[in-house]
Amino acid sequence: MGYVFYNPNPVGRFTMDCMPRALTKALDIDWDTASVLLCNAAINMATVECSNETLTAVLRQHGFYREVISNDCPDCYTAEEFCNDNPKGIYILGFWGHVCCAINGTLYDTTDTRKEVPIYFWYKHD
Numbered sequence: 000m001g002y003v004f005y006n007p008n009p010v011g012r013f014t015m016d017c018m019p020r021a022l023t024k025a026l027d028i029d030w031d032t033a034s035v036l037l038c039n040a041a042i043n044m045a046t047v048e049c050s051n052e053t054l055t056a057v058l059r060q061h062g063f064y065r066e067v068i069s070n071d072c073p074d075c076y077t078a079e080e081f082c083n084d085n086p087k088g089i090y091i092l093g094f095w096g097h098v099c100c101a102i103n104g105t106l107y108d109t110t111d112t113r114k115e116v117p118i119y120f121w122y123k124h125d
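FYI, the numbering for the sequence shown is 0 to 125, going by numbering that gives the first Met the number 0.
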């Protein structure tokens, strides 16, 4: 299980765009399409495109379900361990103020988040 640098931003910028970045990988779409999905959800809910509620709306529309990670050891269950425990499937991992995509045990992000501690995750039933 590992980490792959992933930046689908169309001009290669490093911005605070973790939500569209994660959606591009999870939904196999481009960055512009992911951004439009988030913006449309935000407009429909009269909120901003970078909120958890817009991400929730988009992921639910695409058949994803959310689970909270057990609080038994809130500071010790890392994204790397999550990937080791979930080697198959597509996941969006949520951290404090950040999200990234994991597919088949590999994290895709602009930074190596393997040692970060996720608090929730989204998954899609096969």
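Every residue, glycine too, gets a C-beta built ideally from N, C-alpha and C.
Kindly give me the distance between the Cβ atoms of residue i and residue j, rounded to whole angstroms, as I take these residues to be in contact under 8 Å.
i, j, result
"residue 81", "residue 121", "About 12 Å separates the two Cβ atoms, so there is no contact after all."
Who pairs with residue i in a beta bridge, going by DSSP?
i, result
"residue 182", "Since the first residue of the chain shown is 0 and the last is 125, residue 182 is not available in this structure."
"residue 118", "Beta-bridge pairing links residue 118 to no other residue."
"residue 65", "121"
"residue 91", "100 and 121"
Drop a sphere of 10 angstroms on the beta-carbon of residue i, count the other beta-carbons inside from all chains shown, and report buried for 16 or more, exposed for fewer.
i, result
"residue 79", "buried"
"residue 59", "exposed"
"residue 23", "buried"
"residue 86", "exposed"
"residue 117", "buried"
"residue 74", "exposed"
"residue 7", "buried"
"residue 32", "exposed"
"residue 91", "buried"
"residue 14", "exposed"
**Asked** Are three or more beta carbon pairs between the stretch 26 to 46 and the stretch 64 to 75 nearer than 8 Å?
**Response** no
Inter-stretch contact at 8 Å, needing at least 3 Cβ pairs: the stretch 93 to 110 / the stretch 12 to 20 | yes
Whole alpha helix (DSSP H) runs in the stretch 21 to 47 with 4 or more residues, listed along the chain? 30 to 44
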